[in-house]
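One structure is given below, encoded as structure tokens.
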Amino acid sequence: RTPAAENAPHAKERKAPAAKPAAVKRLFGPKVVTPRRSGEDKSPLESGREDAALRDKVKALERTLREVRQEMWCTICLCPFEEPQVLPCGHVYCKQCTHRALNRRDSGC
């Protein structure tokens, strides 16, 4: 490092020792909360809880995505909807699939 870099304000901040939690509590009282510095590691318990929460969120999003994809596919042609049409019974099919199915004599919901 150059002497100029060592005298920069941010270099001094980096070198400053972190206050000990016990000293902070003695000065400011027992109810003070000391923020965690970005370089400090989380306890395994905290990390495990956060990991589990994130895994649960990812699983929920994947489940929702699967459900949405299923709702966007025509069950006749098994492709994404093209000009979806909702029948009076509530079924949804592609426009062409609907016309083909209705033109057959044995069609019906």
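Just so you know, the UniProt record's numbering puts 80 at position 80 of the sequence shown, and the rest follows in order with no gaps.
Beta carbons: idealized from backbone N, C-alpha and C, even for Gly.
Supposed contact pair residue j and residue i - C-beta distance, whole angstroms, cut 8 Å
{"i": "P84", "j": "C77", "result": "Going by Cβ atoms, the distance from P84 to C77 rounds to 12 Å, so no, they are not a contact pair."}
Assigned secondary structure, residue i (DSSP; H/G/I helix, E/B strand, else coil)
{"i": "C97", "result": "helix"}
{"i": "V92", "result": "strand"}
{"i": "A4", "result": "Low confidence applies to A4: its pLDDT is 48, below 50, so where it sits in the model is not reliable enough to give any reading."}
Spatially closest choice to residue i from the options, by CA coordinates
{"i": "L87", "options": "H99, A52 and L61", "result": "H99"}
{"i": "G90", "options": "N103, E71 and R104", "result": "E71"}
Cα-Cα separation between residue i and residue j, rounded to whole angstroms
{"i": "Q96", "j": "R69", "result": "20 Å"}
{"i": "K81", "j": "A101", "result": "Reading off the sequence, residue 81 comes out as Phe, not Lys. Cα to Cα, F81 sits roughly 15 Å from A101."}
{"i": "C79", "j": "E67", "result": "15 Å"}
{"i": "E50", "j": "K59", "result": "14 Å"}
Counted within 10 angstroms of its Cβ, other Cβ atoms place residue i as buried (16 or more) or exposed
{"i": "C74", "result": "buried"}
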